[in-house]
Amino acid sequence: MAERYHAVSDAAATTDQPRLVRLRGFGAEGRPTKAISLVTAVVIVTAWWLVSRFGLVSPLFLPSPGEVVDQAVLIAADGYAGASLWSHVSASLTRIVTAALIACSLGIPLGLLMGLNRTAKGVLDVPIEFYWPLPPLAYLPLMIIWLGIGETSKITLLVLAMFAPICLSAQAGVRSLPLERVNGALTLGANRRQLFLDIVLPSALPEILTGIRIALGVGWSTLVAAELIAANRGIGYMVMSASHFLATDVVFVGIGIIAVCAFAFSSTMRLLERSLVPWRGKS
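In terms of the numbering used here, the sequence shown has 392 at position 158, counting the first letter as 1, and numbering is strictly consecutive.
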């Protein structure tokens with residue numbers, strides 16, 4: 235009987251011990267995807283090479299990867315349309331960076347103001363929501379009529395394309411701020427300046443950085459339209475000029491340069507996010 239009692243007691247003790255359950259992940263779970271992305275890139279380039287190798291599409295419309303690389307080397311050495319490759323790239327970078335700085339200097343303060351002030355939101359919301367869905371080509375003629383064909387019209391077009399996502403993201407960052415955090419700061423005696431600098435701005439910063447990253451993508455996609463306005467330098471100008479002569483390989487080179495620059499800007503913004511808002515996604 236004693237042995238049976240001890241056996242039952244040991245079994246009960248074993249049953250009562252808590253079991254560790256491994257939680258299943260959800261979504262991407264922050265796991266690295268570089269290997270998958272690399273394989274995808276290799277598959278796309280291989281498919282492109284096979285299509286051109288077997289002549290499924292005319293080389294006039296789809297040059298082979300080798301032809302595009304050869305053209306890129308030739309443009310890097312000799313330039314295109316009377317200007318070096320660096321002249322085209324630097325002209326586009328100057329326009330993008332200038333427009334981004336102007337859009338940030340206007341969009342971030344106005345977005346924060348819209349999130350904090352009901353009147354400001356009511357006044358600014360209508361014009362922003364009106365023009366934001368419009369494609370830049372829709373108001374490109376107005377830029378030419380109002381501002382001429384110089385750099386001002388190009389940069390203004392880029393600013394308008396980049397302003398809205400930055401402003402709306404800043405507003406969303408303020409409106410997503412938990413009210414408990416604000417009340418807690420007020421309870422501890424924070425004044426309006428401290429409340430803005432220590433609570434509102436850090437809470438809105440992740441959304442602001444995301445908005446800037448989106449705006450840069452929109453800006454690069456608008457670049458070709460901006461450089462339609464009597465430009466003789468720029469990546470967009472190079473692409474459009476090549477398209478008039480059916481120089482598809484040059485078009486691919488220009489698209490590749492834009493993609494590389496946009497990727498570099500996006501990667502820089504991601505590094506900036508990790509530095510300025512390391513807590514994001516860890517709550």
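Backbone N, C-alpha and C fix where the C-beta goes; we use that ideal spot for every residue, glycine too. Owing to the predicted nature of the structure, the values given are computational and were not obtained by experimental measurement.
- Within the same chain, 443 come within 6 Å of residue 507 by CB-CB distance, once the 5 residues on both sides are set aside.
- Here DSSP, grouped into helix, strand and coil, assigns residue 465 to coil.
- Counting other Cβ atoms within 10 Å of its Cβ, residue 499 reaches 16 or more and is therefore classed as buried.
- Relative to residue 299, the option among 286, 290 and 308 whose CA is nearest is 286.
- Three or more Cβ pairs drawn from the region 330 to 346 and the region 394 to 410 lie within less than 8 Å of each other, which places the two stretches in contact.
- Residues of the same chain with a CB within less than 7 Å of the CB of residue 319, apart from the 5 flanking positions on each side, are 309, 310 and 313 in chain order.
- Listed in chain order, the alpha helix (DSSP H) runs fully inside the region 450 to 514 are 469 to 478 and 482 to 510, counting runs of at least 4 residues.
- Taking C-beta separations shorter than 8 Å and ignoring five residues to either side along the sequence, the partners of residue 452 in its chain run 395, 396 and 399, following chain order.
- Apart from the 5 residues on each side of it in sequence, residue 305 sits with its Cβ closer than 7 Å to the Cβ of 483, 484 and 487 in its chain, given in chain order.
- Residue environment analysis places residue 384 among the exposed positions, since fewer than 16 neighbouring C-beta atoms fall within 10 angstroms of its C-beta.
- By the neighbour-count criterion, in which a residue is buried when 16 or more other Cβ atoms sit within 10 angstroms of its Cβ, residue 322 is buried.
- Cβ neighbours of residue 346 within its own chain (closer than 7 Å, five residues either side excluded): 404, 408 and 438.
- For residue 324, the enclosing alpha helix (DSSP H) stretches over residues 319 to 350.
- Assignment of beta-bridge partners to residue 365 by DSSP yields no partner.
- No Cβ-Cβ contact shorter than 8 Å links residue 435 with residue 503.
- Residue environment: residue 268 is assigned as exposed (fewer than 16 neighbouring CB atoms within 10 Å of its CB, all protein chains considered).
- DSSP places residue 416 in the uninterrupted alpha helix (DSSP H) bounded by 413 to 421.
- The closest CA to that of residue 461, considering only 392, 379 and 357, is found on 392.
- Distances from the CA of residue 375 to each of 301, 388 and 331 were compared; the closest alpha carbon is that of 388.
- By the C-beta density criterion, residue 454 is buried, having at least 16 other C-beta atoms within 10 angstroms.
- Bounds of the alpha helix (DSSP H) holding residue 407 are 385 to 409.
- If you check the CB distance, residue 447 and residue 433 do not come in under 8 Å.
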